[in-house]
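Student:
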Amino acid sequence: MLSAFFALALTGRLDLPAVMIFAIGMCLSLYRTIKGLREPLSARGAFFLSCVYIAFFFVDSLILSHSFIQASVHLVLFLQLTKVYQEKNDKDYLYLIILSFLQILAASSLTIDMSFVATLFLFLVALVATLMSFDMYRAERHTATETQEVATPLTGMSLWATVWIIATAVVLFLLIPRVGTGYFTQAASQSLLLSGFTDSVQLGEIGQVKLSTAVVMHARQISGAPFSVLKWRGIALDRFDGHNWVKTDRIRSVLPPSADNQYRIAPVIHPGDAARYEIILEPLATSALFGPHEVRWILGSFQAVDVDNDNSIYMRYPTGHRTQYEVLSEIPDRSRMLAADHSQISAELNPRYLQLPKNLDPRVAQLGAEITGKARTSLEKASLVEGYLKRNYAYTLNLTWNPGPQPLSTFLFEAKSGHCEYFASSMAILLRTAGVPTRLVNGFLMGEYNPVGNDYIIRESDAHSWVEVYIPGSGWIEFDPTPPDPTHRDVNLATQISHYVDAIQMFWNSYVIVYDSGSQLQLFRSAQDRVLSVQMALRNKTNQWMLSMDRLSGPILTGINDGIADPKLWIVLVLLGSGTVVFLYRQSLRTQLQIWQVRRGRGDAGLKVVERLFYKVTHVAERKAPKRKQGETWREWIAAISDADRRFILTKALEIFEKAKYGGMQVSPEEFALLEQAMQEMKSVK
Numbered sequence: 019m020l021s022a023f024f025a026l027a028l029t030g031r032l033d034l035p036a037v038m039i040f041a042i043g044m045c046l047s048l049y050r051t052i053k054g055l056r057e058p059l060s061a062r063g064a065f066f067l068s069c070v071y072i073a074f075f076f077v078d079s080l081i082l083s084h085s086f087i088q089a090s091v092h093l094v095l096f097l098q099l100t101k102v103y104q105e106k107n108d109k110d111y112l113y114l115i116i117l118s119f120l121q122i123l124a125a126s127s128l129t130i131d132m133s134f135v136a137t138l139f140l141f142l143v144a145l146v147a148t149l150m151s152f153d154m155y156r157a158e159r160h161t162a163t164e165t166q167e168v169a170t171p172l173t174g175m176s177l178w179a180t181v182w183i184i185a186t187a188v189v190l191f192l193l194i195p196r197v198g199t200g201y202f203t204q205a206a207s208q209s210l211l212l213s214g215f216t217d218s219v220q221l222g223e224i225g226q227v228k229l230s231t232a233v234v235m236h237a238r239q240i241s242g243a244p245f246s247v248l249k250w251r252g253i254a255l256d257r258f259d260g261h262n263w264v265k266t267d268r269i270r271s272v273l274p275p276s277a278d279n280q281y282r283i284a285p286v287i288h289p290g291d292a293a294r295y296e297i298i299l300e301p302l303a304t305s306a307l308f309g310p311h312e313v314r315w316i317l318g319s320f321q322a323v324d325v326d327n328d329n330s331i332y333m334r335y336p337t338g339h340r341t342q343y344e345v346l347s348e349i350p351d352r353s354r355m356l357a358a359d360h361s362q363i364s365a366e367l368n369p370r371y372l373q374l375p376k377n378l379d380p381r382v383a384q385l386g387a388e389i390t391g392k393a394r395t396s397l398e399k400a401s402l403v404e405g406y407l408k409r410n411y412a413y414t415l416n417l418t419w420n421p422g423p424q425p426l427s428t429f430l431f432e433a434k435s436g437h438c439e440y441f442a443s444s445m446a447i448l449l450r451t452a453g454v455p456t457r458l459v460n461g462f463l464m465g466e467y468n469p470v471g472n473d474y475i476i477r478e479s480d481a482h483s484w485v486e487v488y489i490p491g492s493g494w495i496e497f498d499p500t501p502p503d504p505t506h507r508d509v510n511l512a513t514q515i516s517h518y519v520d521a522i523q524m525f526w527n528s529y530v531i532v533y534d535s536g537s538q539l540q541l542f543r544s545a546q547d548r549v550l551s552v553q554m555a556l557r558n559k560t561n562q563w564m565l566s567m568d569r570l571s572g573p574i575l576t577g578i579n580d581g582i583a584d585p586k587l588w589i590v591l592v593l594l595g596s597g598t599v600v601f602l603y604r605q606s607l608r609t610q611l612q613i614w615q616v617r618r619g620r621g622d623a624g625l626k627v628v629e630r631l632f633y634k635v636t637h638v639a640e641r642k643a644p645k646r647k648q649g650e651t652w653r654e655w656i657a658a659i660s661d662a663d664r665r666f667i668l669t670k671a672l673e674i675f676e677k678a679k680y681g682g683m684q685v686s687p688e689e690f691a692l693l694e695q696a697m698q699e700m701k702s703v704k
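In the working numbering, the protein residues as written are 19 to 704.
Encoded structure:
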């Protein structure tokens, strides 16, 4: 009982009055047991006391605890205290054991911390010891037995109890997917961690967040070049008013998932630049999903995933528990971009990336012109501004200067020291004054590498802002003008110990807490593969048995072969087969007959004829073009085809198809001829 209560109290979800009352009650009961005092509560008194508590239970649930689960935990504690203070028989002892198990069950539902493993182990040891002593108590009371006679059944009982506990735990673990927080508290619980990460940035904000060492996420590299990722991208912001960065384009599109819960964002262009990471994200006050720039696909058990026009990824439905997912990102190579860069900015690029705040200090634009004056391309301008800020300004979290009405001007021309928001904002605005599109990005630095767990530990102190610059011919590229933090932490004994603790915590989170339906499905597929291998072995045995049967059935097969040689049998089979084919394909044959009649001017082209010809054209086009996706309209599919000739032919055929199918209009002979001509043209296109 004490071990179960200890596990429940360590969750931190049990209120202080309940902890104090139950602890005092248990200690007093322990004292009375040691002194051999008689229990003060009779069975009748316990019954009336329980009746009174039933009324209190509803008051507790609705008014005091405001939670049915919390009130139920109080009820279990009350029943256990009541039973402890009355005379007990064998059934009462079993009743107390069950109530203790209910406390452990409540503790498992109220915490996800690894400390629960220790308290659970303590409870299991106490449970087995209790069952053993309980059996000894009954054996001693009912029969006069020697120690040797009692030892054998007790050993067997403890062994089978342990096997039963382990077997039950394994079965439940495999059948019930893990989630990030206690099951009963998911609906009402707030985020376990509020990182300060939002969809806006106020100058000076991240400086406060960086003072916290709380863990935000863990990341482990699965493939790709080592240390190829320096930042975990979150949200891109485009509008700056002089003090705050905000996002103006909040339109998001839903990513359709594949069968294996993979959400594809864009194809990989250079496979050699790709890196794959597994990420465990703690509960945050944002629905953003983090990954290296540029994310090509994301894999996870999400209800839905959205992406905006700035390539930021979001969970459609934020959760209050840990989230585990994988990302594949393509890390751009700057040396390759240098050859692709040209100074012409695309006219399709949104002008919001060149927006400047009102009343901007003219010295900022003058400084931008001085830094980028000798540069010819956007990449050169961005590199010059990045290097200038790193060389001439200092990094600090202690902002002793007053930002004033123009924080950027104060930072650039007076203070010349600050943290990442000031460096990133300065670079973005300096480049915009030089005509280079930019956007600010909020996210996290790579974090601390843990060689024990082979993963990265990303904390709130790794919160960071940097810049993405639009390079013509290459797209958006990351630049970070913030110089390194001079207060670098040395690796000491405490850090090494924390690496081992974090590695254990990572294992606990990956393989216990975040054991979700995707992990469950993967496990079941592995078991299915083993079953298939057994089935294959059985099939081979069956084939051997069939070969033996073939040897025995030789005379029978000889008689059947003689019957097959009869030509009358073949005539009947041919007639039956022809009739079956005509019956199964009667609709297709009827449509083909109508096409033949229209070609000879003996009828009009109906809807079935138009559909048949249009589908033939699209089928030929799909041989050398991407197939139409489920839910994609014909016009969307045609617009996505890169070949202009195929797109032109399909557009002509589509107009006739829409006229007949959706307009309900009759197709003229000339339009019918255009459809057939489209078929011939499509076949001739290389």
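All C-beta atoms in this analysis are idealised placements derived from N, C-alpha and C, irrespective of residue type, glycine included.
Treat the numbers as computed from the prediction; the structure is a model and nothing was measured.
Can you tell me the Cα-Cα spacing of Q698 and D661, whole angstroms?
Tutor: 17 Å
Student: Could you give the residue range of the beta strand (DSSP E) that holds D324?
Tutor: 323 to 326
Student: Taking Cβ positions, are T348 and L317 nearer each other than 9 Å?
Tutor: Note on residue identity: the sequence assigns Glu, not Thr, to residue 348. Against a cut-off of 9 Å, the Cβ pair of L317 and E348 comes out as no contact.
Student: Anyone know if the C-beta pair for W250 and V219 falls short of 9 Å?
Tutor: no
Student: Could you tell me which of L145, S401, L430 sits nearest to I183, measuring between CA atoms?
Tutor: L145
Student: What is the C-beta distance between W484 and A452, in whole angstroms, given that I count them as a contact (C-beta under 8 Å)?
Tutor: Not confirmed; about 18 Å, so no contact.
Student: So which of P289, P275, M150 has the shortest CA-CA distance to V325?
Tutor: Per the C-alpha coordinates, the member of P289, P275, M150 positioned closest to V325 is P275.
Student: Taking one C-beta from the segment 676 to 685 and one from the segment 638 to 649 each time, how about it: are there three or more such pairs within less than 8 Å?
Tutor: They do not touch, by the three-pair rule.
Student: Taking the straight line between their C-alpha atoms, what separation do you get for F601 and W588?
Tutor: 20 Å
Student: Per DSSP, what kind of secondary structure is P275 in: helix, strand or coil?
Tutor: Assignment of P275 by DSSP, reduced to helix, strand and coil, places it in the strand class.
Student: By Cβ distance below 8 Å, which residues in the same chain neighbour F632 in space, the five residues on each side in sequence not counted?
Tutor: A671, L672, I674, F675, L693
Student: So, L11 versus P501, is the Cβ gap smaller than 9 Å?
Tutor: Lying outside 19 to 704, the shown extent of the chain, residue 11 is not represented and no answer is given.
Student: Taking Cβ to Cβ, would you say A284 is nearer than 9 Å to E312?
Tutor: yes
Student: When we look at the beta-carbon of W614 and count the other beta-carbons within 10 Å, is it buried (16 or more) or exposed?
Tutor: W614 is exposed by the Cβ-count criterion.
Student: Leaving out five residues on either side along the sequence, give the residues of the same chain with a beta carbon under 7 Å from the beta carbon of S118.
Tutor: M19, A22
Student: Under three-state DSSP, which class holds T418?
Tutor: coil
Student: Would you decide whether C438 is buried or exposed? Buried here means 16 or more other CB atoms lie within 10 Å of its CB.
Tutor: buried
Student: Does DSSP classify R381 as helix, strand or coil?
Tutor: In this structure, DSSP gives R381 a helical state, which the three-state scheme calls helix.
Student: What is the DSSP secondary structure of T341, counted as helix, strand or coil?
Tutor: strand
Student: Which term fits I72, buried or exposed, when burial requires 16 or more other beta carbons within 10 angstroms of its beta carbon?
Tutor: With fewer than 16 Cβ atoms within 10 Å of its Cβ, I72 is classed as exposed.
Student: My parser needs the alpha helix (DSSP H) runs of 4 or more residues fully inside the segment 242 to 305; what are they?
Tutor: none
Student: Compute the Euclidean distance between the alpha carbons of F134 and L142, then round it to the nearest angstrom.
Tutor: 12 Å
Student: Within 10 angstroms of its Cβ, does T428 collect 16 or more other Cβ (buried), or is it exposed?
Tutor: buried
Student: From L59 to F66, what distance separates their C-alpha atoms?
Tutor: Taken atom to atom, the span from the alpha-carbon of L59 to that of F66 is near 11 Å.
Student: Identify, in the order they occur along the chain, each residue of the same chain with its Cβ nearer than 6 Å to the Cβ of L565, setting aside the five sequence neighbours on each side.
Tutor: none
Student: Using CA coordinates, which residue listed in Y295, Y411, E300, K626 is at the minimum distance from S606?
Tutor: Ranking Y295, Y411, E300, K626 by Cα distance to S606 puts K626 first.
Student: Quick check: the Cα distance between T560 and Q553, rounded to an integer number of angstroms?
Tutor: 10 Å
Student: Which residue wins for smallest C-alpha separation from H339, given the options P310, D328, P375, P301?
Tutor: P301
Student: Between A696 and S492, what straight-line distance do the alpha-carbon atoms span, to the nearest angstrom?
Tutor: 37 Å
Student: Compute the distance between the beta-carbons of F497 and M464, then report whether it is under 9 Å.
Tutor: no
Student: Is the CB-CB distance between V286 and L346 below 9 Å?
Tutor: yes
Student: Measuring alpha carbon to alpha carbon, tell me which residue in L594, F431, P421 is nearest L221.
Tutor: Shortest Cα-Cα distance from L221 to any of L594, F431, P421 involves P421.
Student: Look at the alpha carbon of S83 and the alpha carbon of V37, and state the distance between them as a whole number of angstroms.
Tutor: 14 Å
Student: If you follow the alpha helix (DSSP H) that H637 is in, where does it begin and where does it stop?
Tutor: Note, H637: alpha helix (DSSP H), 625 to 639.
Student: According to DSSP, A237 sits in a beta bridge with which residue or residues?
Tutor: I297, Y474
Student: Determine the contact status of S47 and T231, defining contact as a CB-CB distance below 9 Å.
Tutor: Not in contact: S47 and T231 (Cβ atoms no closer than 9 Å).
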